[in-house]
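For the sequence shown, the numbering used here gives the first residue as 17, with consecutive numbering after it.
Built from N, CA and C at the ideal position, the CB exists for glycine as well.
These numbers come from a predicted model, not from an experiment.
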Amino acid sequence: MIADGGRVLSDLATLRDQGELFGPVASDPTLRRALSEIDSLALDRIAAARATVRRKVWQLIAARHGGIPASPVADRDLGKQIVIRLDATMIPSHSDKEGAAANFKGYGHHPLASFCDNTGEALVVTLRPGTAGSNTARDHIDVADASITAVPWPYRRNLLITTDGARATHYFIDHLHDLAAKRGQHLEYSIGWELGEREQGAITPLPQDVWDHVTDADGKARSLDDAGVAELTGLLRRSVGGDQLAGWPQTMRIICRRERPGSGAQLSLLEEADGWRYSVSIQGWSRVRR
17 MIADGGRVLS
27 DLATLRDQGE
37 LFGPVASDPT
47 LRRALSEIDS
57 LALDRIAAAR
67 ATVRRKVWQL
77 IAARHGGIPA
87 SPVADRDLGK
97 QIVIRLDATM
107 IPSHSDKEGA
117 AANFKGYGHH
127 PLASFCDNTG
137 EALVVTLRPG
147 TAGSNTARDH
157 IDVADASITA
167 VPWPYRRNLL
177 ITTDGARATH
187 YFIDHLHDLA
197 AKRGQHLEYS
207 IGWELGEREQ
217 GAITPLPQDV
227 WDHVTDADGK
237 ARSLDDAGVA
247 ELTGLLRRSV
257 GGDQLAGWPQ
267 TMRIICRRER
277 PGSGAQLSLL
287 EEADGWRYSV
297 SIQGWSRVRR
């Protein structure tokens with residue numbers, strides 16, 4: 017069913033209705049029993065089979081195009097770097113299904129998935145109940161590790177892992193930093209960071225001339241009256257109160273972006289006073305050691 021483009025279990029009816037062409041097809045109860053019997057060992061075998069197929073497909077892509085497609089960024093690309101994007105999403109449920117629960121967006125499930133930006137394919141999807149948190153470190157570590165394993169070996173040496181929201185938990189960042197420190201590994205990460213009192217205290221004294229241009233989708237610089245970007249790392253590392261990033265990786269950078277807020281935007285007191293909407297992310301990287 018999956019090979020024929022099926023997306024949900026009910027799509028099996030398409031094959032069942034054409035028995036002369038596809039042959040006998042399992043009934044819905046049989047299918048559900050088969051799915052319920054899948055254990056961790058079976059999941060590992062499925063992941064291994066998918067990895068084998070992906071490795072062959074990537075070999076064919078590289079042979080035909082000279083390499084894996086580059087991940088586009090504005091008017092340029094990231095070259096040979098493989099980009100893995102982690103994203104938690106809400107899936108609404110209109111009935112009482114297993115794992116469905118009330119959450120801040122309604123009622124349903126809250127899976128965590130990863131995607132390869134270069135090829136546009138899903139790497140890993142972890143099913144989670146609707147009550148699962150957005151910044152659960154253990155879930156993000158498991159999905160990140162499984163995503164790296166899903167990437168064919170020759171391409172794992174140069175990676176960028178990204179995720180938005182407030183997922184920069186200490187445990188998750190430390191894990192990525194440890195991965196980046198492995199010999200022969202070049203790993204970068206770009207992760208959403210909370211705009212707290214510490215960050216707001218660093219933003220307030222920033223002079224206007226330190227804000228640099230933000231580029232649009234075409235790579236053109238946007239007006240500084242419309243948006244800007246500045247680095248907060250130095251202010252936080254060498255503040256009057258000492259190193260406010262003590263314990264975090266030294267290679268980690270704190271980047272702040274500001275834009276004019278849209279109508280109806282929920283702003284903090286600082287944002288209301290400044291007339292800007294701020295967002296903060298962290299950037300980290302490693303240097304390849306032979």
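For residue i, which of helix, strand or coil comes out of DSSP?
| i | result |
| --- | --- |
| glutamine 266 | coil |
| aspartate 55 | coil |
| leucine 47 | helix |
| valine 41 | coil |
| tryptophan 292 | coil |
| serine 145 | Going by the sequence as given, residue 145 is proline instead of serine. Strand at proline 145. |
| valine 226 | helix |
| threonine 135 | coil |
| arginine 306 | Because arginine 306 carries a pLDDT of 44, less than 50, the predicted location of this residue cannot be relied on, and the following value inherits that uncertainty. Coil. |
| glutamine 75 | helix |
| aspartate 20 | coil |
| proline 277 | coil |
| aspartate 112 | coil |
| glycine 35 | helix |
| aspartate 93 | strand |
| leucine 25 | helix |
| leucine 286 | helix |
| proline 85 | coil |
| valine 256 | coil |
| alanine 129 | strand |
| alanine 233 | coil |
Please work out which residues of its chain come closer than 6 Å, Cβ to Cβ, to residue i, disregarding the five sequence neighbours upstream and downstream, and give them in chain order.
| i | result |
| --- | --- |
| serine 130 | Ile100, Leu102, Leu139, Val140, Val159, Ser163 |
| alanine 243 | Val230, Glu275 |
| tyrosine 205 | Ile177, Leu192, Gly300 |
| leucine 195 | Leu203 |
| valine 41 | Leu31, Arg32 |
| glutamine 97 | Asn174, Leu176 |
So, is residue i buried or exposed, given that buried needs 16 or more other C-beta atoms within 10 angstroms?
| i | result |
| --- | --- |
| glutamate 137 | exposed |
| serine 111 | exposed |
| valine 73 | exposed |
| proline 127 | buried |
| glycine 124 | buried |
| glycine 122 | exposed |
| tryptophan 169 | exposed |
| serine 87 | buried |
| alanine 58 | exposed |
| isoleucine 54 | exposed |
| serine 279 | exposed |
| aspartate 155 | buried |
| serine 56 | exposed |
| serine 52 | exposed |
| aspartate 20 | exposed |
| isoleucine 298 | buried |
| valine 296 | buried |
| isoleucine 84 | buried |
| glycine 323 | It is not possible to answer for residue 323, since the shown part of the chain is limited to 17 through 306. |
| aspartate 161 | exposed |
So the alpha helix (DSSP H) residue i belongs to, where does it begin and stop?
| i | result |
| --- | --- |
| tyrosine 187 | 186-196 |
| alanine 156 | The identity of residue 156 in the sequence shown is histidine, whereas the question assumes alanine. It spans 153-166 - the alpha helix (DSSP H) in which histidine 156 sits, taken as one unbroken run. |
| glutamate 215 | 213-219 |
| threonine 14 | Here the chain covers residues 17 to 306 and nothing more, so residue 14 does not appear. |
| leucine 252 | 249-253 |
Residue i: beta carbon under 7 Å from a heavy atom of the ligand MN?
| i | result |
| --- | --- |
| threonine 220 | In the structure on display, the ligand MN does not appear, and there are no ligands present to speak of. |
Which same chain residues, not among the five before or five after residue i, have their C-beta less than 8 Å away from its C-beta?
| i | result |
| --- | --- |
| arginine 92 | Gly235 |
| leucine 28 | Met17, Gly22, Val41, Ala42, Asp44, Leu47 |
| threonine 165 | Ala63, Ala67 |
| proline 108 | Lys121, Gly122, Tyr123, Gly124 |
| leucine 316 | Examination of residue 316 is not possible in this model, given that the chain is present from 17 through 306 alone. |
Name the two residues that bound the continuous beta strand (DSSP E) containing residue i.
| i | result |
| --- | --- |
| arginine 318 | Residue 318 falls outside the range modelled here, since the chain spans only 17 to 306, and no answer is possible. |
| threonine 179 | 174-179 |
| glutamate 204 | 202-209 |
| alanine 118 | 117-119 |
| glycine 124 | 122-125 |
Leaving aside the five residues before and after residue i along the sequence, list all residues of the same chain whose C-beta is less than 7 Å from its C-beta, in chain order.
| i | result |
| --- | --- |
| threonine 185 | Asn151, Ala153 |
**Message:** Under 8 Å: do the segment 183-197 and the segment 260-274 share three or more Cβ pairs, one atom per stretch?
**Reply:** Touching, yes, given that three or more Cβ pairs across the two stretches are closer than 8 Å.
**Asked** Okay, do the segment 111-124 and the segment 53-70 touch, 3+ Cβ pairs below 8 Å being the bar?
**Response** Taking 8 Å as the limit for Cβ pairs, the verdict is that the segment 53-70 does not touch the segment 111-124.
**Message:** For the segment 236-255 against the segment 208-221, do three or more pairs of beta-carbon atoms, one drawn from each stretch, fall closer than 8 Å, so that the two count as touching?
**Reply:** Between the segment 236-255 and the segment 208-221, the count of Cβ pairs shorter than 8 Å is three or higher; the stretches touch.
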